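The structure under discussion appears below in the form of structure tokens.
2 protein chains.
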Amino acid sequence: MAIKMHTDPAQEPSATQRAYLAIRRMILIGDLPPGEKLKIEKLRSILEMGGSPIREALTLLVSDLLVERLDQRGFRTAEISPSNFAEILNLRCHLEEMALRESLSNADHAWEDKLVITHHRMMREPRTNVERFEELHKTFHMNLLNACHSPVLLKFCNQLYDLNIRYRYLAGRAIDYSKRDIGKEHTDIMNAAVDRDADAACRMLLDHYRNTGAFLEKHFSTEAAE
Amino acid sequence: MAIKMHTDPAQEPSATQRAYLAIRRMILIGDLPPGEKLKIEKLRSILEMGGSPIREALTLLVSDLLVERLDQRGFRTAEISPSNFAEILNLRCHLEEMALRESLSNADHAWEDKLVITHHRMMREPRTNVERFEELHKTFHMNLLNACHSPVLLKFCNQLYDLNIRYRYLAGRAIDYSKRDIGKEHTDIMNAAVDRDADAACRMLLDHYRNTGAFLEKHFSTEAAE
DNA sequence: AGATAATAGAAAATCGATATTATTAGACAT
DNA sequence: ATGTCTAATAATATCGATTTTCTATTATCT
């Protein structure tokens, strides 16, 4: 009796959902720059839908801290700043460490398999398809934390991840050509995770984030000076 | 003649804002029980406004984790569970400790004055006006953290505070008649904060939360058994 | 009977139009 | 000139109606 009757696997997403994903993407990749006014009419013509789903999508994005809402004065994309960047990096390090430790303490076989698979896929993806790679990169990092039984914490980590990735895109995909081997960093983190070595995994994960963070910070300040 | 200029300081809030505050309050105090279906039409007749501001308010509440959204299937209030309660308590302890330590390290004279005032107001408020007291109680706790220069962290703490207060209301305002002196606990925390003694303040704050948490947990399990 | 399919009803999602409110540009006085 | 008020314009917020999607019920078949 508990067998699912209405098994439509491919139901169309609602207009709100489409708008949400489209606008979110445009903000993350920098298509909609920070502080940009988001006019309903303009988004309507781009996305070809009525105002209601647009407004609702924007409201959802407010919770992601990607959009700011000014009562009676519409919406705009969130501003960026060095202090905001530093704050996100710092919070991310704290929360992901918490989540990773709890994840490793609960980790089971299925989790381990999934992690290995997502790592493999990420490593195989050519860097040319930037958005696709970033998607896989996020999946890998989130899968590290995924055995953590705290949905709220995972939600926070997910949000902070997106806020950070936005800065990466805004940095114009500048690549850190210093002596880092990003591929190896990921592999090392995965191996420590598979070994359930929480201390090592956390140390390497945070180094991974802080190194990228320091690089981006430098990039932004150089850019501002020029 | 329209005498109303844009110099009007007291502008009335938008319908969305009114709906947001009203629905949020109803969820927090338990007027709308956990898991309750939130039908637009019903809320429309209660709040006497169109569907659009209702939907927008509900969407805002999704970000507060007080409402769940099921694509194409409307909204419902968030479910509660022992594990959710434990999760919130735990996260709150971690994040508030972070925030409190940073707050104390930045704390200035103005912050101190404000803290003392909010503490005073809270202590003076008779417990009979429950909602008013809870408002002041929240203000006091948030003011402890307020010198922390991390808006995102403060937002998280604020959200978690509200999620927790909901459980307090759902426990039917049961009062912990054990040997605790809640008033003294607050005063002690404030004094440690004013002394910039982060270790002591954190210890006492977390004890304060964990004691209440343990009491509520016991209350819920007793209630479920009866 | 038990399960699947068809259908009617309810609710959500969306649209287009209207009412409100903010912004801009221009007129006027100081 | 400079600042303030006013009218016009643009954009937001909201409403009521329509379309689409879900849900519950009944009908049909094996």
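Heads up: the protein sequence lines correspond to chains P and H, in order.
So in full-length UniProt numbering, spot 220 of the first sequence is number 220, and the numbers just go up one at a time.
So in full-length UniProt numbering, spot 155 of the second sequence is number 155, and the numbers just go up one at a time.
In this text, a Cβ means the ideal position worked out from N, Cα and C, and glycines have one as well.
Remember, it's a predicted structure, so these values are computed and weren't measured experimentally.
> Which whole runs of the beta strand (DSSP E) in the UniProt domain "HTH gntR-type" (13-80) of chain P are 3 residues long or more, in chain order?
Replying inline: Correct list: 67-70, 74-77.
>> C157 (chain P) and A99 (chain P) - do their beta-carbons sit closer together than 9 Å?
In response: By 1-based counting over the first sequence, the position of residue 99 (chain P) is 99. By 1-based counting over the first sequence, the position of residue 157 (chain P) is 157. Yes, Cβ-Cβ distance for A99 (chain P) and C157 (chain P) is below 9 Å.
> In whole angstroms, what is the alpha-carbon distance linking V62 (chain P) and S178 (chain H)?
Replying inline: Here residue 62 (chain P) refers to the residue found at position 62 when the first sequence is read from its first residue. Here residue 178 (chain H) refers to the residue found at position 178 when the second sequence is read from its first residue. If you draw a straight line from the Cα of V62 (chain P) to the Cα of S178 (chain H), it is about 42 Å long.
> How about the region 104-121 of chain H and the region 144-154 of chain H: do they share at least three Cβ pairs that are nearer than 8 Å?
Replying inline: Yes: the two stretches touch, three or more of their Cβ pairs being nearer than 8 Å.
> What whole-angstrom Cβ distance do H186 (chain H) and H94 (chain H) have, given they're in contact under 8 Å?
Replying inline: Here residue 186 (chain H) is taken as the residue at index 186 of the second sequence, counted from 1. Here residue 94 (chain H) is taken as the residue at index 94 of the second sequence, counted from 1. Between H186 (chain H) and H94 (chain H) the beta-carbon gap is near 21 Å, outside 8 Å, which marks them as no contact.
>> So with CB distances below 8 Å, who are the chain P contacts of I27 (chain H)?
In response: Working through the second sequence from its first residue, we reach residue 27 (chain H) at position 27. Within chain P, no residue comes near I27 (chain H); the closest Cβ sits about 16 Å away, beyond 8 Å.
> When the Cβ atoms of the region 75-91 of chain H are set against those of the region 207-216 of chain H, are three or more pairs found closer than 8 Å?
Replying inline: Flag = yes, the region 75-91 of chain H and the region 207-216 of chain H touch.
>> When you compare the region 17-24 of chain H with the region 37-57 of chain H, are there three or more beta-carbon pairs, one atom per stretch, that lie closer than 8 Å?
In response: Segments in contact, yes.
> Leaving out the 5 sequence neighbours to the left and right, which residues in its chain are closer than 7 Å to A201 (chain H) when beta-carbon positions are compared?
Replying inline: Translated into the one-based positions of the second sequence, residue 201 (chain H) becomes position 201. Excluding residues within five positions, the ones whose Cβ falls inside 7 Å are L100, L104, I189, A192, A193.
> Taking 9 Å as the CB-CB limit, is E56 (chain P) close to chain H?
Replying inline: Locating residue 56 (chain P) in the first sequence gives position 56, counting from the first residue. A Cβ of chain H is located within less than 9 Å of the beta carbon of E56 (chain P).
> If we ignore side chains and look at the alpha-carbon of each, how far apart do S52 (chain P) and P13 (chain P) end up?
Replying inline: In the first sequence, the residue the question calls residue 52 (chain P) occupies position 52. In the first sequence, the residue the question calls residue 13 (chain P) occupies position 13. One Cα belongs to S52 (chain P), the other to P13 (chain P), and the distance between them is close to 15 Å.
>> Please classify A214 (chain P) as buried or exposed, where buried requires at least 16 other C-beta atoms within 10 Å of its C-beta.
In response: Numbered from its first residue, the first sequence carries residue 214 (chain P) at position 214. When all chains shown are included, A214 (chain P) counts as exposed.
> Does the separation of the CB atoms of A171 (chain P) and F133 (chain P) fall below 9 Å?
Replying inline: Residue mapping note: residue 171 (chain P) aligns to position 171 of the first sequence, counting from 1. Residue mapping note: residue 133 (chain P) aligns to position 133 of the first sequence, counting from 1. In this structure, F133 (chain P) does not lie closer than 9 Å to A171 (chain P) by Cβ.
> Below 9 Å between beta carbons: does that hold for G35 (chain P) and R73 (chain P)?
Replying inline: Within the first sequence, the letter at position 35 stands for residue 35 (chain P). Within the first sequence, the letter at position 73 stands for residue 73 (chain P). No. Outside cutoff.
> Can a CB atom of chain H be found closer than 9 Å to the CB of T59 (chain P)?
Replying inline: The residue labelled residue 59 (chain P) in the question sits at position 59 within the first sequence. With 9 Å as the cut-off, T59 (chain P) counts as an interface residue toward chain H.
> Within 9 Å (strictly less), CB to CB, does L13 (chain H) reach chain P?
Replying inline: Position 13 of the second sequence holds residue 13 (chain H). Correcting the residue type first, residue 13 (chain H) is Pro in the shown sequence and not Leu. Cβ-Cβ to chain P under 9 Å: yes for P13 (chain H).
>> Going by DSSP in three states, G183 (chain P) sits in which element: helix, strand or coil?
In response: The residue you call residue 183 (chain P) lines up with position 183 of the first sequence. The answer is helix: DSSP assigns G183 (chain P) an H, G or I state.
>> Is it buried or exposed, I27 (chain P), if we count other Cβ atoms within 10 angstroms and call 16 or more buried?
In response: The sequence position of residue 27 (chain P) within the first sequence is 27, counting from 1. Under this definition I27 (chain P) is a buried residue.
> Hey, out of P:P151, P:T139, P:R173, whose CA is closest to T128 (chain P)'s CA?
Replying inline: Working through the first sequence from its first residue, we reach residue 128 (chain P) at position 128. The shortest C-alpha separation from T128 (chain P) is found at P:R173.
>> Is the beta carbon of L163 (chain P) closer than 9 Å to that of E96 (chain P)?
In response: Residue 96 (chain P) sits at position 96 when you count from the first residue of the first sequence. Residue 163 (chain P) sits at position 163 when you count from the first residue of the first sequence. At the C-beta level, E96 (chain P) and L163 (chain P) stay beyond 9 Å of one another.
>> Taking its Cβ as the centre, do 16 or more other Cβ atoms sit within 10 Å of E48 (chain P), making it buried, or is it exposed?
In response: Walking along the first sequence from the start, residue 48 (chain P) turns up at place 48. Exposed is the call here.
> DSSP three-state call for S221 (chain H): helix, strand or coil?
Replying inline: Counting from 1 along the second sequence, the entry for residue 221 (chain H) is found at position 221. It is helical.
> In chain H, what lies closer than 7 Å to E87 (chain P) by C-beta?
Replying inline: As a first step, residue 87 (chain P) is located in the first sequence; it is residue number 87 there, counting from the start. E87 (chain P) reaches chain H at S150, V152, counting residues in chain order whose Cβ is nearer than 7 Å.
> Just by C-beta distance, which residues in the region 94-111 of chain P are closer than 8 Å to chain H?
Replying inline: Those residues of the region 94-111 of chain P that come within reach of chain H (Cβ to Cβ, closer than 8 Å) are H94, M98.
> Out of curiosity, what's the CA-to-CA distance linking A121 (chain P) and I182 (chain P)?
Replying inline: The sequence position of residue 121 (chain P) within the first sequence is 121, counting from 1. The sequence position of residue 182 (chain P) within the first sequence is 182, counting from 1. Correcting the residue identity first, residue 121 (chain P) is Arg in this sequence and not Ala. Answer to the nearest angstrom: the Cα atoms are 15 Å apart.
> Taking DSSP as the reference, what is the three-state secondary structure of M5 (chain P)?
Replying inline: Position 5 of the first sequence, counting from 1, holds the residue named residue 5 (chain P). Low confidence applies to M5 (chain P): its pLDDT is 36, below 50, so where it sits in the model is not reliable enough to give any reading.
> N106 (chain P) lies in the alpha helix (DSSP H); which residues open and close that run?
Replying inline: Position 106 of the first sequence, counted from the start, is the residue given in the question as residue 106 (chain P). Per DSSP, N106 (chain P) belongs to the alpha helix (DSSP H) from 82-106.
> Name the residues in the region 156-171 of chain H whose C-beta lies less than 9 Å from a C-beta of chain P; which are they?
Replying inline: So the close ones are F156, Q159, L160, L163.
> What residue from P:A15, P:R180, P:S150, P:S45 has the CA that sits closest to E102 (chain P)'s CA?
Replying inline: Your numbering for residue 102 (chain P) matches position 102 in the first sequence. That would be P:S150, whose Cα lies nearest to the Cα of E102 (chain P).
>> Quick check: what's the CA-CA separation for L66 (chain P) versus H137 (chain H)?
In response: Your numbering for residue 66 (chain P) matches position 66 in the first sequence. Your numbering for residue 137 (chain H) matches position 137 in the second sequence. Each residue's alpha carbon lies about 30 Å from the other.
>> In whole angstroms, give me the CA-to-CA distance for L153 (chain H) and G50 (chain P).
In response: Taking the second sequence and counting its residues from 1, the one referred to as residue 153 (chain H) is at position 153. Taking the first sequence and counting its residues from 1, the one referred to as residue 50 (chain P) is at position 50. For L153 (chain H) and G50 (chain P), the distance between alpha carbons rounds to 35 Å.
> What number of angstroms, rounded off, separates the C-alpha of I40 (chain H) from the C-alpha of E41 (chain P)?
Replying inline: Mapped onto the second sequence, residue 40 (chain H) falls at position 40. Mapped onto the first sequence, residue 41 (chain P) falls at position 41. Using only the alpha carbons, I get a separation of about 25 Å.
> What is the DSSP secondary structure of T118 (chain H), counted as helix, strand or coil?
Replying inline: For this step, residue 118 (chain H) is matched to residue 118 along the second sequence. Residue state, collapsed to three classes: helix.
> Mapping DSSP to helix, strand and coil, what is P151 (chain P)?
Replying inline: Within the first sequence, residue 151 (chain P) is the residue found at index 151, counting from 1. P151 (chain P): helix per DSSP, three-state reduction.
>> Quick check on the DSSP output: the alpha helix (DSSP H) that includes E125 (chain H) runs from which residue to which?
In response: Along the second sequence, read from residue 1 onward, the residue named residue 125 (chain H) stands at position 125. For E125 (chain H), no alpha helix (DSSP H) segment is defined, and its DSSP state is neither H nor E.
>> Please tell me whether N90 (chain P) has its Cβ less than 9 Å away from any Cβ of chain H.
In response: What you label residue 90 (chain P) is simply residue 90 of the first sequence in a count that begins at 1. Interface residue (Cβ-Cβ distance to chain H less than 9 Å): N90 (chain P) is classified as such.
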